[in-house]
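Residues -23 to -1, 1 to 428 in mature numbering (1 follows the signal peptide of the UniProt record, and there is no 0) are what the sequence shown spells out, letter by letter. No residue lacks a Cβ here, since even glycine has one placed at the ideal position from N, Cα and C. Here the structure is a predicted model, which is why all the values come from computation and not from measurement.
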Amino acid sequence: MVGRNQRRSVLLVAIAIVPYTECLTSVSLAKQRNCVLSARFAENEGQQVTPPVQRSTIPEESIVSSTDDTATALSAGIVHEKSSSMLSDLNWESIGRVFLSEVKETADCVSLAAGPLFQSDALVQAEAIVKVCDELDTVKPVENMFVSEKLGLRRRALEFKRHELLVKLMRQNYDSYVATAAFLSPSRIPRKDLPNIQDVPYEKDAEPARIVIGEGGEDLVADCRIEDMKYNESPLDKLLLSIFRNLVTKNTGGVTSPKEGILGLVDQGRTFMLKPGQTPEAQHKMVSDTLAGLMTPVLPPFYGIFMSGIVPKIGTEFDGKQFGPWFYAPWLTSVVTPTFFGFLVGPSRPNHRKDGQLGGLVVEKCKFLQKSGCKGLCLHQCKLPAQQFFKDELGLPLTVSPNFVTQECQWSFGESPLPASEDPSFPTGCLVGCESRKTLVATGSRVDACN
């Protein structure tokens, strides 16, 4: 009995000593690791350190690894504890309410913008457009709402709705569209946001002012009232303009100009137009040949096949027949053209034709017209030859409608043009400040270069 109690006491003492022994072992390992690190540091510094009297039989790599693992485990535990604490501190109910409000606002804006897409053109009234303008005047961003404060989603949706209603009104009744746009722009609708501007007056007067002055009392058209635009030419613009001018020199029989850039091109065109015995047809052919050279022999056939549906000459009975233009041709042409068009006319952007369909392009302020100030150059070296080239060489009708009050210009791809004499947007008579007219007057010539 006594022996059994003694064994039990020894066992209890052993159990109590084990943790203490493990603790001493850990301390010993830590001390050994510190000694190793100190020795390494001393070696790097060129010092000599006396090794410890007692060395552990445990490999150094195991000591370092064990310590690193312990530190990693402790760090992971701390991070996990902090993450759990942060997650528990979040107000999930508040986050849910914010998320639902964002989703609801987004859904409302999508519904607002999509509404006109499913509305019949015949049901659109000018009053609906005015109402949308009223809503835009009162819309304000909601604080702490991302889609409202940062994205301005409701304002964007209302602007899209207004644009679509204007397009539908234009399809239904063009005259009503022009009246509505003239009433609302620019005070409530920026001019650049209108789907078409070719007949929308810039100011209250819808027609260019007419002035009668000496030299026979001929009617003249007032010059543009908008201040000149400053054009930023890209490297591509400069390259294309240089190529275009070289082609003009070739196709005019050597007409050149010492002036640089667009001013040199205008000078070349005016010199060619005022040559004795010059005809409009010769000017049209010169421009058509220049455009063909600029597009190279490759692009017109390619365009004819994929845009205008013209069958190439491949030895079939359908050679040369046209099955287009394809439905996407006017729109795609209006999208691609601005990149390769700026060297001649300046900035432009796609818009709608006056029939409400895609395929329009509006020039903000024509560079060629601004620099020349000549209606004759506009008519015979831009409008008429461009329309003829697109129809005859590319198989796509084109109407070019310049605005001499603003020097804007509407290009409508896929729209058949009226003769210049019947086009109400093309007034008769020369511009007041036209240099070509002054030259004609000085030389006593009676050539009608502007009609």
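Checklist entry - Straight-line CA distance for Cys351 to Gln384? => result Reading the sequence shown from its first residue, position 374 is the one you call residue 351. Reading the sequence shown from its first residue, position 407 is the one you call residue 384. Whole-angstrom Cα-Cα distance: 11 angstroms.
Checklist entry - What is the rounded straight-line gap between the Cα of Asp98 and the Cα of Leu276? => result On the sequence shown, position 121 is the one that residue 98 refers to. On the sequence shown, position 299 is the one that residue 276 refers to. Each residue's Cα considered, the two are about 38 angstroms apart.
Checklist entry - Hey, how far is the Cα of Phe123 from the Cα of Leu135? => result To locate residue 123, count along the sequence shown from 1; it is residue 146. To locate residue 135, count along the sequence shown from 1; it is residue 158. Straight-line Cα distance between these residues: approximately 18 angstroms.
Checklist entry - Would you say Phe221 and Thr157 are within 8 angstroms of each other, going by their C-beta atoms? => result If you number the sequence shown from 1, residue 221 lands on position 244. If you number the sequence shown from 1, residue 157 lands on position 180. No.
Next on the checklist: I believe Pro362 touches Ser234 by the beta-carbon criterion, under 8 angstroms. Please report the beta-carbon distance rounded to the nearest angstrom.
Outcome noted: As a position in the sequence shown, residue 362 is number 385, starting the count at 1. As a position in the sequence shown, residue 234 is number 257, starting the count at 1. Not really, about 20 angstroms apart at Cβ, beyond 8 angstroms.
Checklist entry - What's the C-alpha gap between Asp152 and Thr115? => result Within the sequence shown, numbered from 1, the residue matching residue 152 stands at position 175. Within the sequence shown, numbered from 1, the residue matching residue 115 stands at position 138. Straight-line Cα distance between these residues: approximately 29 angstroms.
Item to check | Three-state secondary structure assigned by DSSP to Pro335 | outcome: As a position in the sequence shown, residue 335 is number 358, starting the count at 1. It should be noted that the sequence gives Leu, not Pro, for residue 335. DSSP, read as helix, strand or coil, puts Leu335 in strand.
Checklist entry - Can Leu240 and Phe320 be called in contact, C-beta distance under 8 angstroms? => result Working through the sequence shown from its first residue, we reach residue 240 at position 263. Working through the sequence shown from its first residue, we reach residue 320 at position 343. Not closer than 8 angstroms, so no.
Checklist entry - When burial is assigned at 16 or more other CB atoms within 10 Å of the CB, is Trp69 buried or exposed? => result Residue 69 sits at position 92 when you count from the first residue of the sequence shown. With a threshold of 16 other beta carbon atoms within 10 Å, Trp69 falls short and is exposed.
Checklist entry - By the 10 Å Cβ neighbour count, where 16 or more other Cβ atoms means buried, how is Ser162 classified, buried or exposed? => result Translated into the one-based positions of the sequence shown, residue 162 becomes position 185. So Ser162 counts as buried.
Checklist entry - Which partner residues does His329 have in the DSSP bridge list? => result Mapped onto the sequence shown, residue 329 falls at position 352. Looking at the DSSP assignment, His329 forms a beta bridge with Leu335.
Checklist entry - What do you reckon, are the CB atoms on Phe317 and Ser325 nearer than 8 angstroms? => result The residue you call residue 317 lines up with position 340 of the sequence shown. The residue you call residue 325 lines up with position 348 of the sequence shown. Against a cut-off of 8 angstroms, the Cβ pair of Ser325 and Phe317 comes out as no contact.
Checklist entry - What three-state label does DSSP hand Leu197 in the structure shown? => result One-based indexing of the sequence shown puts residue 197 at position 220. Strand at Leu197.
Checklist entry - Which value, in whole angstroms, describes the spacing of the CA atoms of residue 429 and Thr314? => result What the structure shows of the chain is the stretch from -23 to 428, and residue 429 is not part of that stretch, so it cannot be assessed.
Checklist entry - Tell me which same chain residues have a C-beta within less than 6 angstroms of the C-beta of Ala90, skipping the five on either side of it? => result Along the sequence shown, one-based indexing puts residue 90 at 113. Ala134, Phe137, Lys138, listed in sequence order.
Checklist entry - Out of Cys86, Asp200, Arg165, Ala103, which has the shortest C-alpha to C-alpha gap to Glu412? => result On the sequence shown, residue 412 is found 435 positions in, with the first residue counted as 1. The shortest Cα separation from Glu412 among Cys86, Asp200, Arg165, Ala103 belongs to Asp200.
Next on the checklist: Given a cut-off of 8 angstroms on the beta-carbon distance, is the pair Phe381 and Ser311 in contact?
Outcome noted: Stepping through the sequence shown from its first residue, residue 381 is reached at position 404. Stepping through the sequence shown from its first residue, residue 311 is reached at position 334. Result no, Cβ atoms of Phe381 and Ser311 do not sit closer than 8 angstroms.
Checklist entry - If you check the beta carbons only, do Gln96 and Lys145 fall under 8 angstroms apart? => result As a first step, residue 96 must be located in the sequence shown, where it is residue number 119. As a first step, residue 145 must be located in the sequence shown, where it is residue number 168. Cβ distance < 8 angstroms, so Gln96 and Lys145 count as in contact.
Checklist entry - If you check the beta carbons only, do Glu126 and Glu120 fall under 8 angstroms apart? => result By one-based count along the sequence shown, residue 126 stands at place 149. By one-based count along the sequence shown, residue 120 stands at place 143. Cβ atoms of Glu126 and Glu120: closer than 8 angstroms.
Item to check | Cβ distance (whole Å) where Arg168 is taken to contact Cys110 below 8 angstroms | outcome: Counting from 1 along the sequence shown, the entry for residue 168 is found at position 191. Counting from 1 along the sequence shown, the entry for residue 110 is found at position 133. Not really, about 14 angstroms apart at Cβ, beyond 8 angstroms.
Checklist entry - Where Glu82 and Val101 are concerned, what is the direct C-alpha to C-alpha distance, given to the nearest angstrom? => result Walking along the sequence shown from the start, residue 82 turns up at place 105. Walking along the sequence shown from the start, residue 101 turns up at place 124. For Glu82 and Val101, the distance between alpha carbons rounds to 26 angstroms.
Item to check | Assigned secondary structure, Leu375 (DSSP; H/G/I helix, E/B strand, else coil) | outcome: By 1-based counting over the sequence shown, the position of residue 375 is 398. The answer is strand: DSSP assigns Leu375 an E or B state.
Next on the checklist: Short of 8 angstroms in beta carbon distance, which residues of its chain neighbour Asp400, apart from the five on each side in sequence? Order them along the chain.
Outcome noted: Taking the first residue of the sequence shown as position 1, residue 400 is located at position 423. Excluding sequence neighbours, Asp400 sits near Ser378, Pro394.
Next on the checklist: Suppose you measure from the CA of Thr256 to the CA of Trp388; what does that come to, to the nearest Å?
Outcome noted: On the sequence shown, position 279 is the one that residue 256 refers to. On the sequence shown, position 411 is the one that residue 388 refers to. In a straight line, the C-alpha of Thr256 is about 25 angstroms away from that of Trp388.
Next on the checklist: Which residues does DSSP list as the beta-bridge partners of Ile287?
Outcome noted: Within the sequence shown, residue 287 is the residue found at index 310, counting from 1. Ile287 is bridged to Gln299.
Checklist entry - With C-beta atoms as the reference, is Leu285 less than 8 angstroms away from Leu373? => result On the sequence shown, position 308 is the one that residue 285 refers to. On the sequence shown, position 396 is the one that residue 373 refers to. Note that residue 285 is Ser in the sequence shown, not Leu. Yes.
Item to check | Ser3 classed as buried or exposed, judged by whether at least 16 other C-beta atoms fall within 10 angstroms | outcome: The residue given as residue 3 occupies position 26 in the sequence shown. In this predicted model, Ser3 has a pLDDT of only 46, less than 50, meaning its place in the structure is not dependable; the value taken from the coordinates is given anyway. Ser3 is exposed by the Cβ-count criterion.
Checklist entry - Can Ile203 and Lys342 be called in contact, C-beta distance under 8 angstroms? => result Residue numbering aside, residue 203 sits at position 226 when the sequence shown is read from its first letter. Residue numbering aside, residue 342 sits at position 365 when the sequence shown is read from its first letter. Cβ distance < 8 angstroms, so Ile203 and Lys342 count as in contact.
Item to check | Minimum C-alpha distance to Phe300 - residue among Gly281, Ser71, Leu271, Leu417 | outcome: As a working mapping, residue 300 is identified with position 323 in the sequence shown. Minimum Cα distance to Phe300 is reached at Gly281.
Next on the checklist: If you measure between the beta carbons of Leu171 and Pro93, is that distance less than 8 angstroms?
Outcome noted: Taking the sequence shown and counting its residues from 1, the one referred to as residue 171 is at position 194. Taking the sequence shown and counting its residues from 1, the one referred to as residue 93 is at position 116. With respect to Pro93, Leu171 sits apart: the two C-beta atoms are not nearer than 8 angstroms.
Item to check | Terminal residues of the alpha helix (DSSP H) in which Cys86 lies | outcome: Numbered from 1 along the sequence shown, position 109 holds the residue referred to as residue 86. In the DSSP assignment, Cys86 falls within the alpha helix (DSSP H) that extends over 69 to 91.
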